[in-house]
Amino acid sequence: MSKVLPQHFGKYILMRKIAMGGMAEIFKAKVTGTEGFEKDLVIKRILPHFTEDEAFVKMFIDEASITAKLQHPNIVQIFDFDVADGTYYIAMEYIEGRDLKDVLERSIKLGEPLSVAQCVWILMETSKGLHYAHTKEYRGKPLNIVHRDISPSNVMVAFNGEVKLMDFGIAKAAQRSTKTMAGAVKGKVAYMSPEQARGKPLDGRSDLFALGIMLWEMLTGKRLFLAESDFETLTNVLKAEAPAPSTINPAVPADLDPIVLKCIEKKREDRYANVEAFNRELTRWYYSNVIDLEKEKLRPLMSRLFKVEIDETERYNEEERVDLMGGTASGAGDATAMMPAAEATNALDNDADQRTRIDGAAMDFGGPVAPDAEARTRAMPAATDGPPMRGQAGPAYAPPQQQMMPPRQQQRGGSRLPLILFLVVLLLGGGGAAVFFATQGGGDPGPDPDPTVEGPVADAVLRILVDPKEAKVRIDGEVAYEKKGLELGQTVRVTAEAHGFEDYTELIKVEEKDQILKIQLEKEAKFVSVVIQPSDDKAVVYANGERLGAGPQSFRGKVGDSVMLRVEPAGGGAAVTETVVLAENTPIVKIAVKTLATLLISVLPADAKVEASAGAVEARETGLFAVTNLELNTSVDVTISSSGYRTEKKTVGIAQATETLKIELDKVSVARGSIKVGARPWATVSLDGRSYGNTPVTIPGVSAGRHKITLTQGSKTKTQSVTVPPGGEATVYVDFTAM
């Protein structure tokens, strides 16, 4: 049964239907107020026949509960979650733009691929939102959110250039009420981390792995792990082998390679410690390499790539303004006229199918995509139109003198723009619900109920008994400890909260005329911050396998939990592991480690010999020696010697992982004397082969000891030995007349 649009839905005005699937329907909507206040948003509401399915509704509530706590400019925002006309709904941010997958495909199609800088910028912005989600706390408790479905189809690029992360539908958070079965695998195979593919417990480094895949594929224009079947894709993910992007695309600077590859290391401890560290490296690279920042902005690019869609969006917006003023717009129609029913249903169900299969839609950057890996394995059943909703029109939201918007008169020509513009925002919630129904078998929603049959009598009452008594209870969002006028079979949402206790949220089905619900709130878990202090202030500290950093580190955990600590000495050596049970009276955990150190010795002359009383001496290069395997906070005796130089000994204290020492040996001093030389009548003199002229001559500065002296006159020569006394003078005289 068709419903005329625009129409009131609670405090909102539904303007037009964007899409409809087997579980929910999506509308572009507005909220209005005094003084002309008006805001565009998107309404996602559960189809009536799924309201009774408690498991599905819990998953829907989880989705809203997780994302509503995330308020960041790089995350698609949820504004409201409530019940109207007996139906749960989520009100979320309205964005005019396209998902990153569409942007990449359009840019290739039009011959204007994204630049390296633009790829890096998109990942920088996505990382900001993701790190915020990973580290978000609520009421002093870490939410421990892991997105688990990071991919180009879950990153929104607005026409104005903004970048936003969306679709926390299968995200895991510590405080969600529905739990994922241990070992269950959710997400798209081609963007999974190895630990996610194995169904292991995940942390933020799993999402970091997916970011690395995205950046690698954006830079190279190729798919990294996608193969011809899910099994082969999964095998590639588990191997986690990736060539450097610059080897695939020469336009990628080589200094960007290590940043990308560190994200997609097979072992998560080899990746960046968190998404923030990855973002810092990208930011440093971006502002060190990009000269013309204006040229790399996304808004001009989006205006060129999606000019037709932007113009058509403006036309739709103008028609809606006319509708709100009470007039009629050309191209008006009913709720389902925006898109053929089959197309609208498939739009939602395609996304559901992606998650059922684990792998996602193909992201073709120009090359062929293997058909089997992207084929659908199962289609979700389409939903028929449900019964008409009870309108809640009121003067606060309606134009003056009217309580219901005038119907549109004509159909809007079958444009698919709503699907193009808003399906991405639908993904914010569709994923988790799609997985649930695909794995549970879905089911036919059944035929429309007969409107002529009289409904059940609303005379049941629900009473709440809560412990502790001071707890505040809400029934369908209103503070109350009982609610009357309920129908048997009706489902209401009950919440309870009290200081010092865990929050309670439950969907209660009214099954008795006078039904009593007893709620026992559980004591709120206490958290404690612990400082881990290794004896070596440069040792690396790990907690439960996660690298915290070097030196003293703080760790926040729940009182009573066991934490496995591991400390690795900075200079090598055996790591120390210790398991600590967190308690309120253990703020500091001290761990002693046997840290090895190295002494680097620079010597002159370069051929000197180095000896040490401890450790092992290694020649690193000419004139540089290393004494390794020394214990921290000890001392070592070193001896440096060389022929012709004085030997030097030093005692060096080892106070840090790397100590340095510079030694220059002194030459040994030698005593000297002189030689007085004479001849008759005269002679030419040479000493040790060096000429000193004609006699008479005195040769000074001659080293003490034996030397060879030669005197020559014409053809006559006399060579003899002479001994120079230390500090004294030797005399040599030759009479050539007697020869």
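If you use numbering that gives the first Met the number 0, the sequence shown corresponds to residues 0 to 738, in order.
The beta carbon of each residue, even a glycine, is placed where N, CA and C say it ideally should be.
Keep in mind that this is a model prediction, so the values were computed, not measured.
Give the secondary structure of residue i by DSSP, where H, G and I count as helix, E and B as strand, and everything else as coil.
i: Gly704; result: strand
i: Asp101; result: helix
i: Tyr644; result: strand
i: Met213; result: helix
i: Gln195; result: helix
i: Asn273; result: coil
i: Leu142; result: coil
i: Thr219; result: helix
i: Asn584; result: coil
i: Met301; result: helix
i: Leu485; result: strand
i: Glu24; result: strand
i: Tyr93; result: coil
i: Glu545; result: strand
i: Arg755; result: The question about residue 755 has no answer, for the chain in this structure spans 0 to 738.
i: Pro47; result: helix
i: Asp698; result: Here residue 698 turns out to be Ile, not Asp, going by the sequence shown. If DSSP states are grouped into helix, strand and coil, Ile698 belongs with the strands.
i: Ala569; result: coil
i: Ala437; result: Bear in mind that the predicted position of Ala437 carries a pLDDT of just 33, short of 50, making it unreliable; the figure below should be weighed with that in mind. It is helical.
i: Val56; result: helix
i: Thr594; result: coil
For the beta strand (DSSP E) containing residue i, list its first residue and its last residue.
i: Asp79; result: 77–83
i: Asp466; result: 459–466
i: Ile515; result: 513–519
i: Met155; result: 154–157
i: Val588; result: 587–590
i: Leu260; result: Premise fails: Leu260 lies in the alpha helix (DSSP H), 256–262, not in any beta strand (DSSP E).
i: Ile531; result: 526–533
i: Ile739; result: Missing from the structure shown is residue 739; the chain here goes from 0 to 738 and no further.
i: Ile247; result: No beta strand (DSSP E) contains Ile247, which is instead part of the alpha helix (DSSP H) from 244–247.
i: Leu664; result: Unbroken run through Leu664: none, as it is neither H nor E.
Looking only at its chain, what residues have a beta carbon closer than 7 Å to the beta carbon of residue i, apart from the 5 residues adjacent to it on each side?
i: Ala613; result: Leu629, Val635
i: Pro151; result: Asp98, Leu99, Lys100, Leu103, Met213, Met362
i: Glu275; result: His130
i: Ala374; result: Its pLDDT being 33, under 50, Ala374 is placed unreliably in this model, and the value from its coordinates should be taken loosely. If we look at Ala374 and ignore the five residues flanking it on each side, it has no Cβ neighbours.
Could you check how far apart the C-beta atoms of residue i and residue j are, in whole angstroms? I think they sit under 8 Å.
i: Ala90; j: Ile42; result: 6 Å
i: Val701; j: Gly672; result: 6 Å
i: Leu164; j: Ala196; result: Actually they do not touch by this definition, with Cβ atoms about 22 Å apart.
i: Lys471; j: Ala497; result: 7 Å
i: Val75; j: Ile121; result: Their Cβ separation, rounded to whole angstroms, is 15 Å, which puts Val75 and Ile121 out of contact at 8 Å.
i: Val493; j: Glu505; result: 5 Å
i: Ile65; j: Ile144; result: 6 Å
i: Asp606; j: Arg679; result: Not really, about 49 Å apart at Cβ, beyond 8 Å.
i: Gln552; j: Val588; result: Contact doesn't hold; Cβ gap of about 10 Å is too wide.
Residue i lies in the alpha helix (DSSP H); which residues open and close that run?
i: Met123; result: 115–134
i: Val236; result: 229–238
i: Ser612; result: That residue, Ser612, is in no alpha helix (DSSP H); it is neither H nor E in DSSP.
If you drop the 5 nearest sequence neighbours on each side, which residues of the same chain put their C-beta closer than 8 Å to that of residue i?
i: Phe526; result: Gly139, Lys140, Arg555, Gly556, Lys557, Val558
i: Thr490; result: Thr50, Glu51, Glu53, Val56, Leu506, Ile507, Lys508, Val509
i: Thr736; result: Arg679, Pro680
Nearest CA to the CA of residue i: which residue from the options?
i: Val465; options: Ile515, Leu304, Lys38, Leu69; result: Ile515
i: Ser685; options: Glu663, Ala703, Ser668, Ser720; result: Ser720
i: Gly32; options: Ile12, Gly20, Ile17, Lys468; result: Ile12
i: Ser642; options: Ser561, Ala670, Leu603, Thr633; result: Leu603
i: Thr576; options: Glu545, Tyr541, Thr722; result: Tyr541
i: Asp687; options: Gly20, Pro72, Ala67, Thr722; result: Thr722
i: Thr578; options: Asn543, Ala605, Ser553, Ala607; result: Asn543
i: Lys661; options: Ala670, Ser668, Glu647; result: Glu647
i: His146; options: Val162, Glu111, Leu210; result: Leu210
i: Met738; options: Gly727, Lys715, Val731, Pro725; result: Lys715
i: Ile263; options: Leu623, Gly704, Glu240, Ala132; result: Glu240
i: Leu69; options: Glu37, Gly128, Val3, Phe49; result: Gly128
i: Val30; options: Thr86, Tyr93, Ala18, Leu710; result: Tyr93
i: Gly739; options: Ala28, Glu37, Leu46; result: Outside the displayed span of the chain (0 to 738) sits residue 739, for which this structure offers no information.
i: Thr633; options: Arg645, Ala654, Lys717, Ala615; result: Ala654
i: Ile518; options: Lys537, Glu501, Glu280; result: Glu501
Once you ignore the five residues that flank residue i on each side, which residues in its own chain have a CB closer than 6 Å to its CB?
i: Gln6; result: Leu13
i: Pro394; result: Low confidence applies to Pro394: its pLDDT is 28, below 50, so where it sits in the model is not reliable enough to give any reading.
i: Val637; result: Ala611, Lys649
i: Gly484; result: Ala457
i: Tyr732; result: Gly677
i: Ile474; result: Lys482, Val491, Val493
i: Ile639; result: Val602, Ala607, Val609, Glu647, Ile662
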